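Structure, as structure tokens:
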Amino acid sequence: VYLKPTAGIACGLPVWDSAASPSKMKNLETTARDRFTPFELEDGKIIVQPALPVVDLPINGISALDANIPSDLTMLPLLKCNENEAKNWPSSLDGVASGKRSAIVFVKGKAFRLKGCGNLDEGFPIEKHGDHGEYMVRGCMFDQTVQREFYMSERVSNALKVEGLKHMQCANKSLGFYSYGLASDRKRSGEFCGVFETIGDRRLGDHLLSGIESIIPLLYTSSFKDLGSDWTEKTKNHVEKIRGNLWDTATRAECGMEALDLSNLHIFENPPFYSSDKRCVTMIPSEYSTLWDSICDELATSLRSLKGADMSSKSVLLWLAKMIGTECGQVCRALKKSRISWGTYPDAMGIHCNAHANNMVVRRDRMDKESYLCPLDFDMAFSESEFLPSMIESQHQKIFPTEFDDLLVWEHNMGFRTSLAGSDYTSTGVTNKNGSSIIFEGMEDFLILVRIAFRDTMVKFFDDALKGSDSDDEEDNNAERSKAADSIVKLALICTSKIVC
5 VYLKPTAGIA
15 CGLPVWDSAA
25 SPSKMKNLET
35 TARDRFTPFE
45 LEDGKIIVQP
55 ALPVVDLPIN
65 GISALDANIP
75 SDLTMLPLLK
85 CNENEAKNWP
95 SSLDGVASGK
105 RSAIVFVKGK
115 AFRLKGCGNL
125 DEGFPIEKHG
135 DHGEYMVRGC
145 MFDQTVQREF
155 YMSERVSNAL
165 KVEGLKHMQC
175 ANKSLGFYSY
185 GLASDRKRSG
195 EFCGVFETIG
205 DRRLGDHLLS
215 GIESIIPLLY
225 TSSFKDLGSD
235 WTEKTKNHVE
245 KIRGNLWDTA
255 TRAECGMEAL
265 DLSNLHIFEN
275 PPFYSSDKRC
285 VTMIPSEYST
295 LWDSICDELA
305 TSLRSLKGAD
315 MSSKSVLLWL
325 AKMIGTECGQ
335 VCRALKKSRI
345 SWGTYPDAMG
355 IHCNAHANNM
365 VVRRDRMDKE
375 SYLCPLDFDM
385 AFSESEFLPS
395 MIESQHQKIF
405 PTEFDDLLVW
415 EHNMGFRTSL
425 AGSDYTSTGV
435 TNKNGSSIIF
445 EGMEDFLILV
455 RIAFRDTMVK
465 FFDDALKGSD
475 SDDEEDNNAE
485 RSKAADSIVK
495 LALICTSKIV
505 C
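The numbering of the sequence shown is the numbering used here, which starts it at 5 and goes up by one.
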């Protein structure tokens with residue numbers, strides 16, 4: 005994508021008013037409630053905007069921009085544009101699309117996320133989006149959501165520290181925001197863009213998990229007859245049900261059924277085929293062919309080392325599933341203990357749930373013993389102390405929870421858990437694009453079992469970590485197994501490198 009400078013100002017971070025008076029807080033509550041009332045433009049369009057069931061944040065001014073932020077990002081606000089427009093601006097920047105409304109730009113070796121810098125290259129159009137035909141401004145953040153992103157990112161970072169998750173951090177570091185000064189005679193709340201330094205942009209759901217499911221047929225040459233016999237009776241019965249009925253993890257998660265730890269399933273990975281193999285050519289973008297082959301060699305070396313050290317008794321893929329599930333459960337547990345919702349509520353635009361797999365990003369350059377994943381996207385998050393249940397009741401959502409504990413249970417089970425299971429049952433935005441379209445078509449039962457074992461194990465360890473029981477397997481610290489898992493992650497992300505979510 006391309007970004008050009010445009011009218012407006014680049015600002016530092018809000019200064020929070022920790023001593024706000026009761027009257028100020030009452031006015032902020034009134035302002036928040038007013039957002040639930042749509043307003044009408046001169047052309048008759050009914051406009052809605054995000055309306056969280058919380059008191060607005062009290063601020064006491066805006067800080068100066070940090071001098072360490074690259075000047076390329078702060079001279080003027082940046083707005084996505086087409087290639088021809090970019091040619092007319094010598095100071096335009098190249099970037100990478102991050103969903104429809106955001107972009108990643110690389111400056112001096114660092115990655116920066118511009119969240120809300122235009123709807124594709126259309127600027128900020130008004131589009132029909134609400135449940136009843138209402139319109140909203142697309143492509144930007146709003147005053148209350150950009151402030152909330154900064155505020156809640158601080159709260160979540162602290163929650164991770166309090167929980168002792170030293171290996172993990174928020175994916176985005178808040179730097180400032182753009183306030184666009186675009187000429188318009190339309191009544192709006194203003195267009196804003198959050199500016200962050202970021203750890204990565206590849207999402208857990210649509211990039212890593214879908215990519216892993218794409219390469220499962222390349223990793224295994226085993227069959228049912230090769231499986232080990234030292235399973236528990238419960239696992240044996242579960243596998244027999246899978247073979248007979250093929251009830252995948254998503255279906256059972258939607259029904260609230262238990263997931264099983266299948267990490268001891270005796271399946272053994274092989275290095276995938278090189279990029280020139282006919283089984284790979286349609287999966288691997290040509291520009292990644294050399295890199296793919298190199299990673300295949302790295303994985304082969306790691307697998308040989310594990311076998312030589314008699315460490316091949318456990319699947320690398322299912323070990324990775326344990327790590328992913330545990331990390332996701334740890335984040336949700338930390339937020340729960342700090343009484344934070346990731347952002348689950350109804351408004352005129354529909355039901356929102358920000359607790360899902362795509363709001364965990366994969367680290368770009370993971371170091372030893374660091375987490376694979378980091379959480380982000382807290383522009384709809386809120387704490388219990390801010391929560392106004394009556395604002396949910398005003399949306400006439402009879403089945404939606406109004407008690408904070410019930411709301412957390414809903415977002416963990418119907419949001420995060422189902423998205424990890426591969427379901428799109430809840431409107432979380434996780435499409436499971438590869439998984440839903442190709443996994444069961446023409447695949448033999450054994451490979452379907454591998455997929456189910458991967459998803460089940462991930463959900464099981466998510467459940468355990470959420471309850472407070474983290475994986476403590478001694479082999480979790482094996483460096484060679486970790487290297488092999490890193491290689492699988494890289495191969496999976498190559499397969500989904502063209503997906504923008």
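Every residue, glycine too, gets a C-beta built ideally from N, C-alpha and C. Note that the structure is predicted; figures quoted are calculated from it, not measured.
- In this model, Asp467 and Phe43 are separated by some 43 Å (Cα to Cα).
- Only residues of its own chain outside the window of five on either side were considered, and among them His211, Ser214 and Gly215 have a CB closer than 6 Å to the CB of Thr500, listed in chain order.
- Separation of Asp428 and Thr422 (C-alpha to C-alpha, rounded to the nearest whole angstrom) is 7 Å.
- With the rule of 3 Cβ pairs closer than 8 Å, the stretch 324 to 331 does not count as touching the stretch 351 to 360.
- For Ile73, the secondary structure class from DSSP, reduced to helix, strand or coil, is coil.
- Along the stretch 260 to 338, the alpha helix (DSSP H) occurs as fully enclosed runs of 4 or more residues at 293 to 312, listed in sequence order.
- For Arg39, no beta strand (DSSP E) run applies, since DSSP gives it neither H nor E.
- For Ile203, there is no enclosing alpha helix (DSSP H), as DSSP marks it with neither H nor E.
- By the criterion of a C-beta distance shorter than 6 Å, Leu80 is surrounded in its chain by Pro9, once the five residues flanking it on both sides are discounted.
- The stretch 377 to 392 makes contact with the stretch 333 to 349, as at least three CB pairs between them are under 8 Å.
- Scanning its chain for C-beta atoms nearer than 7 Å, with the 5 sequence neighbours on each side dropped, one finds around Val58 the residues Ala36, Phe386, Glu390, Phe391 and Leu392, in chain order.
- About 6 Å separates the beta carbons of Phe200 and Ser178, which is inside the 8 Å limit, making them a contact pair.
- The residue among Ser67, Glu388, Met462 and Asn92 with its C-alpha nearest the C-alpha of Leu322 is Met462.
- Note that the C-beta distance between Ser218 and Leu269 is not below 8 Å.
- For Cys378, the enclosing beta strand (DSSP E) has its first and last residue at Leu377 to Pro379.
- Beta-bridge partners assigned by DSSP to Glu131: Met140.
- A direct Cα-Cα distance of roughly 44 Å separates Asp98 from Lys471.
- DSSP places His416 in the helix class (H, G or I) of the three-state scheme.
- Between the C-alpha atoms of Asp70 and Thr78 there is a straight-line separation of about 10 Å.
- The stretch 279 to 287 and the stretch 252 to 259 do not touch, with fewer than three beta-carbon pairs separated by less than 8 Å.
- A residue is called buried once 16 or more other Cβ atoms fall within 10 Å of its Cβ, and Val109 is buried on that count.
- For Pro221, the enclosing alpha helix (DSSP H) stretches over residues Ser214 to Leu223.
- Separation of the CB atoms of Ala107 and Val5 is rounded to 5 Å, and the pair is thereby assigned contact status at 8 Å.
- Within a 10 Å sphere around the beta-carbon of Glu415 sit 16 or more other beta-carbons, which makes this residue buried.
- Residue nearest to Ser394 within the set Leu56, Ala325, Ser157 and Gln173 is Leu56 (criterion: CA-CA distance).
- By the C-beta criterion, the stretch 299 to 313 is judged to be in contact with the stretch 269 to 283, since at least 3 inter-stretch pairs fall below 8 Å.
- Shown here for Trp296: same chain residues with a beta carbon closer than 6 Å to its own, the five before and five after excluded, namely Ser279, Ile288 and Ile498 in chain order.
- Its chain contains Ala163, Val166 and Glu167 as the residues whose beta carbon lies nearer than 8 Å to that of Lys341, once the 5 sequence neighbours on both sides are disregarded; these appear in chain order.
- The residue from Tyr292, Gly65 and Lys132 with its alpha-carbon nearest to that of Met353 is Lys132.
- Ile271 is the residue among Arg207, His136 and Ile271 whose C-alpha sits nearest the C-alpha of Ile456.
- The continuous stretches of beta strand (DSSP E) do not include Lys502, and DSSP gives it neither H nor E.
- Taking each of Asp301, Ser309, Met156 and Asp474 in turn and checking the Cα distance to Arg337, the smallest one comes out for Asp474.
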